[in-house]
Amino acid sequence: MTRPTLTLIGGGLVGALLAQQLARRGFAVEVFEKLPDPRRAGFSGGRSINLALAERGLHALRSAGLAEDVLARAVMMRGRMVHTRDGRSALQRYGIDDSEVIWSVSRGALNMLLLDAAEAAGACFHFGQALLAADLARGRIRLTDAQGAERDTEAAVLIGADGAGSALRAVMNAHAPLGERVEGLGHGYKELEIPPASAFTADVLRNTGGRDRFAVEPNALHIWPRGGYMCIALPNTEGSFTVTLFLPAQGPHPSFATLPDGRAAEAFFRDDFPDLHPLIPDLVADYDAHPVGTLATLYLDRWHLDGRALLVGDAAHAIVPFHGQGMNCGFEDTVALADLLAEAPDDMADAFAEFQRIRQPNANAIARMALENYVEMRDSVADPRYLARRELGARLAERAPEHFMARYRMVTFTHLPYAYALERGRAQDTLLDQLLGGGTDAAQVDLDAAAAALRATLPPLPTTHG
Numbered sequence: 000m001t002r003p004t005l006t007l008i009g010g011g012l013v014g015a016l017l018a019q020q021l022a023r024r025g026f027a028v029e030v031f032e033k034l035p036d037p038r039r040a041g042f043s044g045g046r047s048i049n050l051a052l053a054e055r056g057l058h059a060l061r062s063a064g065l066a067e068d069v070l071a072r073a074v075m076m077r078g079r080m081v082h083t084r085d086g087r088s089a090l091q092r093y094g095i096d097d098s099e100v101i102w103s104v105s106r107g108a109l110n111m112l113l114l115d116a117a118e119a120a121g122a123c124f125h126f127g128q129a130l131l132a133a134d135l136a137r138g139r140i141r142l143t144d145a146q147g148a149e150r151d152t153e154a155a156v157l158i159g160a161d162g163a164g165s166a167l168r169a170v171m172n173a174h175a176p177l178g179e180r181v182e183g184l185g186h187g188y189k190e191l192e193i194p195p196a197s198a199f200t201a202d203v204l205r206n207t208g209g210r211d212r213f214a215v216e217p218n219a220l221h222i223w224p225r226g227g228y229m230c231i232a233l234p235n236t237e238g239s240f241t242v243t244l245f246l247p248a249q250g251p252h253p254s255f256a257t258l259p260d261g262r263a264a265e266a267f268f269r270d271d272f273p274d275l276h277p278l279i280p281d282l283v284a285d286y287d288a289h290p291v292g293t294l295a296t297l298y299l300d301r302w303h304l305d306g307r308a309l310l311v312g313d314a315a316h317a318i319v320p321f322h323g324q325g326m327n328c329g330f331e332d333t334v335a336l337a338d339l340l341a342e343a344p345d346d347m348a349d350a351f352a353e354f355q356r357i358r359q360p361n362a363n364a365i366a367r368m369a370l371e372n373y374v375e376m377r378d379s380v381a382d383p384r385y386l387a388r389r390e391l392g393a394r395l396a397e398r399a400p401e402h403f404m405a406r407y408r409m410v411t412f413t414h415l416p417y418a419y420a421l422e423r424g425r426a427q428d429t430l431l432d433q434l435l436g437g438g439t440d441a442a443q444v445d446l447d448a449a450a451a452a453l454r455a456t457l458p459p460l461p462t463t464h465g
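Below you can see the structure in the form of structure tokens.
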């Protein structure tokens, strides 16, 4: 039986990688992307929250033969560099050593690399083509270009990788309700920039500990936690940092409602981020030039309509960015789906149903953990109780590694299902709280007794983490 052509809507990160994965497995793949080809027109996605590449995403890239090329264009981040109000800073490692790090990657450069790889594998891309409508019963779609010209084409099997604002999701939902729920965070973000070190005087760099071409420590994700809000900064290969300010959208100061323009923002930064303020020379212009981005979580009851249409990545399960797992989760989707379709190429309905069964609980779990991580990043990283629990957890991981692994490590450096990491993390946190009692000094806990309690309370971790 001849395999049907798979029609992908969306040629961004997840769409391009999925196209490559499917083409390598012998499928004919057509991709329709509403934006122009970024390799010719320039990347037009705008500045966005930097992408953090972790093990799940790397695993997908390895399976596609692309990991080395991507890492050559990335900057390693060992952990969180936490900057307190009084100007002190300290690194909180993500993992046990440099074998457990995450990578800051450029969305535009990564997208272009994935497009090249997908075309090399045989996928066919059509740029400047937006989905306008679909007749799912007849297997046809209608597309429109930038000039408004419309055309119809066959599309018996549709896969939507067109992001949180998915056009295919809207079409599917109109055909049969998907149970869509969008939960706004009530917070937004603005993006700013720390330029390379060459833009600063020696005195500024001396005060920040900057070196080489970077104004501050390059191999870290920098956080300025302030309780209900924060700034973060991620490194770029050319020496700059993308800075993101997260604030409540409305409400009392500080919020985006009380900071209407760059001048107000500059005064705010001078007071609340005095060590960061000198590093953003174009703060006023950047603030005024960039709109407030929205943050929300998308939930769907249904990801597919039998074997005719399926949603993947952000089109199915968009999350807030605070665990750095949106891209990684989407990339993990591509491997799972490509494997399922390769195993049952003649039964799309069963493959799509199995994909949702496997991936939906994990997508829901990382959505919850991403929301929890926002509170951790903006507040808990400077909280004595959090630091004590973190220290005790690290000691237990050394003493009983078969029974304890921090939730962040499970999410970021293993392939353990997100749902497992969520539940195991909760159980571990409960035990750590019991061991600490009301204290904030991990050194006061009897480590032998703690390890014995851990082994008696929780089963061993799965033996295969990767």
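Numbering (numbering that gives the first Met the number 0), first residue to last: 0 to 465. No residue lacks a Cβ here, since even glycine has one placed at the ideal position from N, Cα and C.
As assigned by DSSP and simplified to three states, the class of residue i
i: His174; result: helix
i: Val203; result: helix
i: Tyr93; result: coil
i: Ala308; result: strand
i: Leu34; result: coil
i: Gly261; result: helix
i: Phe213; result: strand
i: His289; result: coil
i: Thr6; result: strand
i: Ser379; result: helix
i: Phe126; result: strand
i: Gly45; result: For Gly45, the pLDDT reaches just 48, beneath the cut-off of 50, and the residue's location in the model is therefore unreliable, although a value from the coordinates is still provided. Here Gly45 sits in coil by DSSP.
i: Ala133; result: strand
i: His316; result: helix
i: Leu191; result: strand
Rounded separation between residue i and residue j - CA only
i: Tyr385; j: Val30; result: 46 Å
i: Pro273; j: Arg84; result: 8 Å
i: Leu5; j: Leu21; result: 9 Å
i: Gly9; j: Leu435; result: 49 Å
i: Glu99; j: Met404; result: 13 Å
i: His289; j: Glu192; result: 11 Å
i: His322; j: Leu109; result: 19 Å
i: Ala369; j: Gly183; result: 13 Å
i: Tyr93; j: Arg408; result: 7 Å
i: Asp428; j: Gly178; result: 33 Å
i: Tyr419; j: Leu297; result: 21 Å
i: Arg137; j: Gly121; result: 26 Å
i: Gly45; j: Pro247; result: Only weak support is given to the placement of Gly45: the predicted model assigns it a pLDDT of 48, under 50, and the question is left unresolved by the model.
i: Met347; j: Arg423; result: 33 Å
i: Phe268; j: His276; result: 6 Å
i: Ile95; j: Pro224; result: 23 Å
i: His414; j: Ala53; result: 10 Å
i: Asp97; j: Met76; result: 9 Å
i: Gln443; j: Gly14; result: 51 Å
i: Leu309; j: Ala169; result: 12 Å
i: Val506; j: Leu65; result: Lying before the first or after the last residue shown, residue 506 is absent from the chain, which here runs from 0 to 465.
i: His316; j: Phe126; result: 24 Å
Inter-residue CB distance, residue i and residue j (contact presumed, cutoff 8 Å)
i: Ser103; j: Pro234; result: 5 Å
i: Phe255; j: Ala59; result: Going by Cβ atoms, the distance from Phe255 to Ala59 rounds to 35 Å, so no, they are not a contact pair.
i: Pro344; j: Arg23; result: Incorrect: roughly 14 Å between the Cβ atoms, too far for contact.
i: Ile222; j: Met111; result: No, Ile222 and Met111 are not in contact; Cβ-Cβ is about 29 Å, not under 8 Å.
i: Leu17; j: Val311; result: 7 Å
i: Ala232; j: Phe240; result: 4 Å
Strand pairing of residue i, partner residues [DSSP]
i: Thr152; result: Ile140
i: Cys230; result: Trp223, Leu244
i: Phe255; result: Paired residues: none, contrary to the question.
i: Met76; result: Ile101
i: His186; result: Pro247
i: Arg180; result: Tyr298
i: Leu50; result: Val104
i: Gly480; result: Only positions 0 to 465 of the chain appear in the structure, and residue 480 is not among them; the question remains open.
i: Ser88; result: His82
Residue i burial status per 10 Å Cβ neighbour count (16 or more: buried)
i: Ala314; result: buried
i: Ser197; result: exposed
i: Val242; result: buried
i: Asp161; result: buried
i: Asp211; result: exposed
i: Glu32; result: buried
i: Glu342; result: exposed
i: Gly187; result: buried
i: Gln146; result: exposed
i: Asp447; result: exposed
i: Pro253; result: buried
i: Glu375; result: buried
i: Gly238; result: buried
i: Asp285; result: buried
i: Ala381; result: buried
i: Gly56; result: buried
Chain D contact for residue i (CB, 8 Å cutoff)
i: Ala452; result: Given the protein chain composition of this structure (a single chain), no chain D is represented.
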